[in-house]
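Peer 1: Protein sequence lines, in the order shown, are assigned to chains D and Z. Positions 20 to 246 (our numbering) are the ones given, in order, by the first sequence. Positions 20 to 426 (our numbering) are the ones given, in order, by the second sequence. Ideal Cβ placement from N, Cα and C applies to all residues, glycine included. Every value quoted in this text rests on a predicted model; they were computed, and no experiment measured them.
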Amino acid sequence: MPIIETQGLTKVYNSDQVPVHALNGVDLNIEKGEFTAIVGPSGSGKTTLLNIIGGLDNPTEGKAKVQGTDLDTLSDGKLINFRLHHIGFVFQAYNLIPVLTALENVSFVMQMQGRSLEECKTKSIALLEEVGLEDKIHKRPSELSGGQQQRVAVARALASKPDFVLADEPTANLDSVSTAELLDMMLELNEQEDMTFVFSTHDQRVIDRARRVVTLVDGKIDSDEQR
Amino acid sequence: MLYLRLAWRNIWRNRRRSLITMFSVIVAVLLASVMRSMQEGQYDMMIEGTVGTFVGYIQVQQEGFWDDQTLDNSFVAGDSLLAILNSEKEVSGVVPRIQSFALAAGEEQSRPAMVIGIDVEAELQLINPQEKLRSGTYFSDNNEQAVLLGKDLLSRLQIQVGDSVVMLGQGFRGQSATGLYEVKGTVSVPNAELNKSLVLMPLQTSQYFLAAPNRLTSLSLVVDDPGEIESTIQQLEAKLSAAAYDVMSWEEMLPELQQSIEADRGSSYIIIMILYVVVGFGILGTVLMMITERSYEFGVMISIGTPRMAIAAILGLEILFIALLGSGVGILFSLPVAWYFNINPIEFTGEMAAVMESYSLEPYLPFSLDPSVFYIQAVIIFIITLLFSFIPLLKASKLNPVKAMRS
Ligand SMILES: Nc1ncnc2c1ncn2[C@@H]1O[C@H](COP(=O)(O)OP(=O)(O)OP(=O)(O)O)[C@@H](O)[C@H]1O
Ligand SMILES: [Mg+2]
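#1: Helix, strand or coil, according to DSSP, for D/Thr198 in the structure here?
#2: Skipping 5 residues on each side, what residues in its chain have a beta carbon closer than 8 Å to that of D/Leu193?
#3: Beta-carbon within less than 8 Å of Z/Arg153's beta-carbon, same chain only, minus the 5 sequence neighbours each way: which residues are those?
#4: Beta strand (DSSP E) containing D/Ala23: first to last residue?
#5: Which residues in chain Z have a C-beta closer than 8 Å to the C-beta of D/Ile99? List them in chain order.
#6: Please state whether the Cβ-Cβ distance between Z/Ser195 and Z/Ile117 is less than 7 Å.
#7: Interface residues of chain Z around D/Arg102 at Cβ under 9 Å?
#8: Look up D/Arg231 in the DSSP assignment and give the residues it is bridged to.
#9: Since Z/Val306 meets chain D, which of its residues come closer than 9 Å, beta carbon to beta carbon?
#10: Name the one or two DSSP bridge partners that Z/Arg153 has.
#11: Do we get a CB-CB distance below 7 Å when we pair D/Gln169 with the residues of chain Z?
#12: Would Z/Ala397 pass as a contact of Z/Ser346 if the rule is Cβ separation under 7 Å?
#13: Smallest Cα separation from Z/Ala423: which of Z/Gln81, Z/Leu413, Z/Val319?
#14: Just to confirm before moving on: does the CB-CB distance between D/Ala174 and D/Leu147 stay below 7 Å?
#15: To which residues does DSSP link Z/Pro411 through a beta bridge?
#16: Mind pulling the beta strand (DSSP E) runs of 3 or more residues that sit fully within the stretch 112-153 of chain Z?
#17: Taking C-alpha atoms, which residue in D/Gly96, D/Glu244, D/Val233 lies nearest to D/Asn69?
#18: Out of Z/Leu255, Z/Ile341, Z/Arg234, which has the shortest C-alpha to C-alpha gap to Z/Phe401?
#19: Between the Cα of Z/Val392 and the Cα atoms of Z/Arg35, Z/Leu413, Z/Leu167, Z/Tyr62, which residue gives the shortest distance?
#20: Taking Cβ-Cβ distances shorter than 9 Å, what residues in chain Z pair up with D/Met131?
#21: I need the DSSP call for D/His40, collapsed to helix, strand or coil.
#22: Decide if Z/Asn105 is buried, meaning its Cβ has at least 16 other Cβ atoms within 10 Å, or exposed.
#23: Find the residues of chain D that neighbour Z/Arg28, judging by a C-beta separation of less than 8 Å, and give them in chain order.
#24: Hey, quick one: how far does the alpha helix (DSSP H) through D/Pro60 stretch, first residue to last?
#25: List the residues that DSSP assigns as beta-bridge partners of D/Thr215.
#26: Run through DSSP, which three-state label would D/Asn192 get?
#27: Hey, out of Z/Ser119, Z/Val110, Z/Ala262, Z/Phe73, whose CA is closest to Z/Asp87's CA?
#28: Residues around ligand 2, please: the ones whose beta-carbon is closer than 7 Å to some heavy atom of it, in chain order.
#29: Quick one: using the 10 Å Cβ neighbour count with 16 as the cut-off for buried, is D/Met20 buried or exposed?
#30: Taking the straight line between their C-alpha atoms, what separation do you get for Z/Glu212 and Z/Val53?
#31: If you pair each beta-carbon of the stretch 96-115 of chain D with each one of the stretch 300-320 of chain Z, do three or more pairs fall below 8 Å?
#32: What's the C-alpha gap between D/Glu153 and D/Asp222?
#33: Compute the Euclidean distance between the alpha carbons of D/Ile240 and D/Leu177, then round it to the nearest angstrom.
#34: Could you please tell me which residues of the stretch 217-229 of chain D, in chain order, have their CB closer than 9 Å to any CB of chain Z?
#35: Any heavy atom of ligand 1 inside 6 Å of the beta-carbon of Z/Tyr315?
#36: Is Z/Met20 helix, strand or coil when you go by DSSP?
What follows is the structure, encoded as structure tokens:
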């Protein structure tokens, strides 16, 4: 069974006078361990797709399933809890809670999962070491560079032991060195721990390193290549 | 714990705004508690002036006396009753009285009078006529054939201290009551009506005059701590339930005083409420700003799985921290002020002092240090904060993460 499965995913925004078809029947399966880039021109529906897969938004038509669970059938509260346990998120920027240190940000999700303080702490430190920030664990986001903040965000996304990590343009605000470092790290986690990553990007250097590239155009899958 | 820590740190993110909000709470709490402390001090004094030095906080009477105040509802205080009253630990004195209406007549004029027969010794604890003398001297024993008149009664009867006054009335069980007494002096009591009608008589003299030997109409109890009145009454009622006595509190006996205090308190609460509603809008503004400027952050938090209630709880804790810290500091600042004016009461001068002295009140206003005056402010602030932030918090927790993160 694929980790992520969408069938005829359609999203129509009616906010302006003209309805906008952000997604137009997207069928997409993602298996465990994949390293998938969603690419496409601005406005092609990448964010919309990731939001629906992540249970942050509802499709107008079609289904989005995670580990076989149809997200549309979950109540709001259940969905939040589902995200807490099954999905890791990395956003473009400002991922972290500003008043918490790197360590506290990572352990935050684990604490919400109800794990023991001991476990939260050791696991968070281990994760921050994994992303190469062992010397920054007590720093607050404002004391970290953009790249370091994104790495903390990845560590946090992994902390909840999710089924997969969704990242909407995680490198958009980073310079090329930080971009390369973040990508190295994500690939390493993908290879060594078989963690599934689904991310959107505009950056050709990022696209070049993806294992699978799904291209969206006008809310439809234009191409889907494995490498 | 996690939420507490988050809330605490969030307060100091926008230090200036938090401090300004706190400052408004501090000022309001300071004003309100100092004002209330002054008022409660004034009420205490009014009560002390009339109750503590005249009626007594508690009276024991024959059942039915209060509704039908005649000598037929008088009683003989037996040893067992006195023993019960004296054994009550909050009761430090028992003051017997017999009272009735009569006519007081001088050579030219006569006036209706309220005759109160007093125990010359015991009464020093309540009315303390010796202190309230305007002229003349106090009784020397309970058998003396003499009276003390309210200061205005003397002039109305057009007589002088040292003259005689004839008392006419009805005694126990309809017997006639007459007597001729020397006016030993005048007293001024904190009640204008009584000053025009009061006749104080030594106890046995009055019992003889009213043909009611050994009989009393009331026993006033001296209670040192007014806070213990309720419990003392309850205990006495339980102990005296079999006997035909009523245990009356000052509130029952002086409902007008109680009501006027309540009315005054009520109007001050209105002023305080207006003050606090203004503070409430300040709190509302702060909450709204906190929510608006952090909606992206809340969007992220809800996305990664933070329960909506947790968002509301963190925000609620933040604003409560600010409000309660503000009330704490406000109370802390108000205590020394109240303390100072408790020890160094405001002294009235001029007209106000004259008015107060005419009611036998000392022209001083000591502030009250009653704890409830102060902590109630924190309670009100707590409630106001909940009221004013409830709806915004609810709305914030309902936020749609996608929308919140798009803007
Ligand atoms: N809440 C919304 N209301 C109205 N229209 C929307 C909304 N969200 C997205 N759209 C529209 O849907 C289309 C797809 O948007 P989406 O954000 O998914 O594109 P994208 O591929 O992520 O673009 P970008 O590369 O610029 O991030 C766009 O035309 C956008 O304007
Ligand atoms: Mg996008």
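Peer 2: Working from what's here:
#1: helix
#2: Gly165, Gly166, Gln169, Leu201
#3: Lys170, Gly204, Thr205, Val206, Ser207
#4: Contrary to the premise, residue 23 of chain D reads as Ile rather than Ala in this sequence. Here the beta strand (DSSP E) through D/Ile23 covers 23-32.
#5: Ile321, Gly324, Thr325, Pro326, Arg327
#6: no
#7: Ile321, Ser322, Ile323, Gly324
#8: D/Thr55, D/Gln245
#9: Chain D residues near Z/Val306: none, gap ~17 Å exceeds 9 Å.
#10: The partner list for Z/Arg153 (beta bridge, DSSP) is empty, contrary to what the question assumes.
#11: no
#12: yes
#13: Z/Val319
#14: yes
#15: BP columns for Z/Pro411 are empty, so no partner.
#16: 129-137
#17: The question names Asn, yet the displayed sequence has Leu at residue 69 of chain D. Nearest C-alpha to D/Leu69: D/Val233.
#18: Z/Ile341
#19: Z/Tyr62
#20: Leu21, Ile323, Gly324, Thr325, Pro326, Ala329
#21: strand
#22: exposed
#23: Val118, Leu119
#24: No alpha helix (DSSP H) holds D/Pro60; DSSP gives it neither H nor E.
#25: D/Phe183
#26: coil
#27: Z/Ser119
#28: D/Lys65, D/Thr66, D/Asp187, D/Glu188, D/Ser219
#29: exposed
#30: 34 Å
#31: yes
#32: 28 Å
#33: 28 Å
#34: none
#35: no
#36: coil
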